[in-house]
Amino acid sequence: MKHFIKSTFILSAMLFLAWSCSDDDDNTGNQDLDPQLNIVEVAQGTDDLSSLVAALLKADESPNNNLVTTLSGEGPFTVLAPTNDAFASLFNRLVGYDSLDDFDTAAEQDLLAAILSYHVVSGAAVTSDALVDGSDVGTVQGGSLGVSTDGGVSFTDALGESASVAIADVVTTNGVVHVIDKVLIPQAAIDALNDAILFSITALAIDNPNLSSLVAALQAAEGDLPGVLSGGGPFTVLAPTNAAFDAFLDGTPLSEVPTAVLTQVLLNHVIAGEIAANDLVTAGTGYASTLAAGPTEDTNISIYYDATDGVQFNGASSVVTPDVIASNGIIHVVDAVIDIPNIVDHALANDNFTSLVGALTDDGNTVDFVSVLSSTEEVYTVFAPVNSAFAAFTNPDGNALQDILLNHVIGGAVATSGSLSNSYANTLATYAEGENLSIYINTDDGVTLNGISAVAVADVVASNGVIHAVDTVIDLPTVTTFAVADPTFSTLVSALTTLTPATDFAGILSRTSDGNMDSIDPPFTVFAPTNDAFDALDAIPEEGVLTQVLLHHVVGGANVRSGDLVEGDNPATTLQGDDITIALPGSDDNIADITDGSGNSDIGIIAVDVQANNGVIHVINKVMIPN
Numbered sequence: 000m001k002h003f004i005k006s007t008f009i010l011s012a013m014l015f016l017a018w019s020c021s022d023d024d025d026n027t028g029n030q031d032l033d034p035q036l037n038i039v040e041v042a043q044g045t046d047d048l049s050s051l052v053a054a055l056l057k058a059d060e061s062p063n064n065n066l067v068t069t070l071s072g073e074g075p076f077t078v079l080a081p082t083n084d085a086f087a088s089l090f091n092r093l094v095g096y097d098s099l100d101d102f103d104t105a106a107e108q109d110l111l112a113a114i115l116s117y118h119v120v121s122g123a124a125v126t127s128d129a130l131v132d133g134s135d136v137g138t139v140q141g142g143s144l145g146v147s148t149d150g151g152v153s154f155t156d157a158l159g160e161s162a163s164v165a166i167a168d169v170v171t172t173n174g175v176v177h178v179i180d181k182v183l184i185p186q187a188a189i190d191a192l193n194d195a196i197l198f199s200i201t202a203l204a205i206d207n208p209n210l211s212s213l214v215a216a217l218q219a220a221e222g223d224l225p226g227v228l229s230g231g232g233p234f235t236v237l238a239p240t241n242a243a244f245d246a247f248l249d250g251t252p253l254s255e256v257p258t259a260v261l262t263q264v265l266l267n268h269v270i271a272g273e274i275a276a277n278d279l280v281t282a283g284t285g286y287a288s289t290l291a292a293g294p295t296e297d298t299n300i301s302i303y304y305d306a307t308d309g310v311q312f313n314g315a316s317s318v319v320t321p322d323v324i325a326s327n328g329i330i331h332v333v334d335a336v337i338d339i340p341n342i343v344d345h346a347l348a349n350d351n352f353t354s355l356v357g358a359l360t361d362d363g364n365t366v367d368f369v370s371v372l373s374s375t376e377e378v379y380t381v382f383a384p385v386n387s388a389f390a391a392f393t394n395p396d397g398n399a400l401q402d403i404l405l406n407h408v409i410g411g412a413v414a415t416s417g418s419l420s421n422s423y424a425n426t427l428a429t430y431a432e433g434e435n436l437s438i439y440i441n442t443d444d445g446v447t448l449n450g451i452s453a454v455a456v457a458d459v460v461a462s463n464g465v466i467h468a469v470d471t472v473i474d475l476p477t478v479t480t481f482a483v484a485d486p487t488f489s490t491l492v493s494a495l496t497t498l499t500p501a502t503d504f505a506g507i508l509s510r511t512s513d514g515n516m517d518s519i520d521p522p523f524t525v526f527a528p529t530n531d532a533f534d535a536l537d538a539i540p541e542e543g544v545l546t547q548v549l550l551h552h553v554v555g556g557a558n559v560r561s562g563d564l565v566e567g568d569n570p571a572t573t574l575q576g577d578d579i580t581i582a583l584p585g586s587d588d589n590i591a592d593i594t595d596g597s598g599n600s601d602i603g604i605i606a607v608d609v610q611a612n613n614g615v616i617h618v619i620n621k622v623m624i625p626n
């Protein structure tokens, strides 16, 4: 039987050669029969099937096997031929079997023959178009393989794992070969190899003397991490070497590391799902979520990978041995322990944030951003402009760099993309008198900030908050910024622009410094009617009247926040000239009530303190009318 399996593998290689050399390639992958080459001869002449040929010869060293002779015989056979890479992957997985040379006893060679014969169907040359989706095919070994034709042809072995057909329908004198990307494992081999082939991630680590420090750390951590990584999954584990742990501990005994800290660090090396090195190389760069707990219950710490030149994680740890396959996932051995990153660590690791890092560390800043954003005393949401955003930013208003940077940070909150909605939040940037500037978040189509900056990569979770990479630097907002950004005010914007062309309302309300305009110098307190408020009018007035109505919604020269009001009546003079009166507390659901210049007293303030860099907006539910 072992010889038969070996012959099958050789035949597969020969079929591949016949396919490679054929001049009659059609769109189906079927090849014309070459009467000079049988399955074994094709395999022997095909470089990418050299491991298969060697496996057949090694199996035939046992007196019980004659695979090469069998697969050189009359047939017909159908052979699934694993490539050299498939065999390399198998040896990465098998504990104690690093190459074919380790099959050195007759019993082990018979086991190898059983594996090889599991790739052979006798009595039929089955081409891919004859395979039936969902069916099972019996093999010479005695076990069966599941067949799938969904999205290409694949075969499922006794482990429940699939091998995909890379090259189909290589025709030989005594059968047909399908080249596959994985060595298939029969139940007999599972039973014989036991832990050698079904080694879990934990078992593989225990078996590797260079990972003994990792094993000790797993055993010292909270919970049953060895047990977790022995089952379930699949997991991708980044396994630091002993030298990596020595450097990380820096002389501190493992027993002195707090178990909660140790557990978090270890979980930061575990990613749910199975991610091979080639998957990372294909992606290039990006983020994944580890099992380490984030700053809130519904978050997990992110890890940054860069596979553009080797594979590196968080800019600190490189893969030295990739793709060690386990029964419940995959291991990549790494050369450094990956500590839990804070916001600054994530910014430093990603080359797309080099301009941001440079700005944060600018000596001209009076704010020590590195200390602030590394703090464990507070959590933050950071909207981080990428390099191209900084390159495009011209700072048209000449605002201080530190203020602009602070305008990208929300303090005291971990706002993941799933928790965001159309709303305002306060940033760490402040207006002249210490009031925090607002930022408008819109989630109607992705996530945009202040109507100008879109989130390109969301939810990079750090130990002290979350980062969202954005494509535009978010300058300090004016009251005009918020009116334009918030769709609640689209009618108001139309009234201020297209319906009143003779007055430059947008320019006036964007001003951040005094000029020669006397009573309409900033700051401005704007009472902004919603779209519904305008819809309640019988009609929007013509330009002359509308201009006076709009001026009646602005108080110039004052940044009047809700906290500046006292209980009772608070009169204020508008730019139009008439007074309005604000009464606290408001009626019903109103925060406050307003009486306008015409004496209407049923106007409610429904939202307050949208703070801009040149004033403040309060939202009202009815258009105010001057006397």
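Each residue of the sequence shown is one higher than the last, beginning at 0 in numbering that gives the first Met the number 0.
In this text, a Cβ means the ideal position worked out from N, Cα and C, and glycines have one as well.
Since we're looking at a predicted model, the values are computed, not measured.
- Sequence-distant Cβ neighbours of Leu-536 in its own chain, meaning closer than 7 Å and more than five residues away, are Val-622.
- DSSP places Gly-603 inside the beta strand (DSSP E), whose first and last residues are 602-611.
- As DSSP reads the structure, Ser-288 sits in a beta bridge with Ser-301.
- At a cut-off of 3 residues, the continuous stretches assigned as beta strand (DSSP E) that sit fully inside the region 76-124 are 76-81, 119-121.
- Its chain contains Ile-270, Ile-302 as the residues whose beta carbon lies nearer than 6 Å to that of Ala-287, once the 5 sequence neighbours on both sides are disregarded; these appear in chain order.
- Residue pairing by DSSP places Leu-237 opposite His-331 in a beta bridge.
- No residue range can be given for Ser-509, since it is assigned to no alpha helix (DSSP H) and is classified by DSSP as neither H nor E.
- In this chain, the beta strand (DSSP E) harbouring His-467 covers 464-469.
- Look at the beta carbons and you see the region 375-391 touching the region 462-470: at least three pairs across the two are nearer than 8 Å.
- Burial check for Glu-566: the Cβ neighbour count within 10 Å stays below 16, so the residue is exposed.
- With contacts defined by Cβ atoms closer than 8 Å, Leu-237 and His-331 form a contacting pair.
- Scanning its chain for C-beta atoms nearer than 7 Å, with the 5 sequence neighbours on each side dropped, one finds around Val-609 the residues Tyr-423, Ser-437, Phe-481, Val-615, Ile-616, in chain order.
- In the DSSP assignment, no residue is bridged to Leu-400.
- Taking Phe-312 as reference, the option from Leu-110, Val-456, Val-214, His-268 with the minimal CA-CA separation is His-268.
- Taking C-beta atoms as the reference points, Thr-240 and Asp-305 fail to come closer than 8 Å.
- When secondary structure is reduced to three states using DSSP, Phe-526 falls in the strand class.
- The beta carbons of Ile-274 and Ile-300 sit no closer together than 8 Å.
- Pairing Gly-417 with Thr-471, the inter-Cα distance amounts to about 21 Å.
- For Val-152, same chain residues with a beta-carbon under 8 Å away, outside a window of 5 residues either side, are Ser-127, Leu-130, Val-146, Ser-163, Val-164, Ala-167, His-177 in chain order.
- Between Ala-484 and Asn-449, the C-beta spacing is below 8 Å.
- For Gly-410, the uninterrupted beta strand (DSSP E) run begins and ends at 408-410, by DSSP.
- Sequence-distant partners of Phe-247 (beyond 5 residues in either direction) whose C-beta falls short of 6 Å from its own C-beta, in its chain, are Val-336.
- Scanning its chain for C-beta atoms nearer than 7 Å, with the 5 sequence neighbours on each side dropped, one finds around Gly-272 the residues Pro-233, Thr-235, in chain order.
- Restricted to the region 358-400, the alpha helix (DSSP H) segments that are unbroken, complete and at least 4 residues in length are 368-373, 386-391, listed in chain order.
- Counting of Cβ neighbours within 10 angstroms places Ser-420 among the exposed residues, the total staying below 16.
- Burial of Gln-140 is indicated by the presence of at least 16 other C-beta atoms within 10 angstroms of its C-beta.
- Within the same chain, Asn-241 come within 7 Å of Ser-211 by CB-CB distance, once the 5 residues on both sides are set aside.
- Rounded to the nearest whole angstrom, the C-alpha separation of Pro-81 and Phe-352 is 44 Å.
- Closest in alpha carbon position to Ala-348, among Glu-377, Gly-314, Thr-69, Pro-395, is Gly-314.
- Restricting attention to Gly-122, Gly-150, Thr-289, Thr-148, the CA atom closest to the CA of Gly-137 is found in Gly-122.
- Taking the Cα of Val-456 as reference, the smallest distance to any Cα among Ala-157, Val-385, Asp-577 is reached at Val-385.
- Rounded to whole angstroms, the Cβ separation of Ile-619 and Pro-528 is 6 Å, and the two are in contact under 8 Å.
- By the neighbour-count criterion, in which 16 or more other beta carbons inside 10 Å mark a residue as buried, Glu-255 falls on the exposed side.
- Taking Asp-595 as the centre and dropping the five residues before and after it, the same chain places the C-beta of His-551, Asp-577, Ile-579, Ile-602, Met-623, Ile-624, Pro-625 closer than 8 Å to its C-beta, in chain order.
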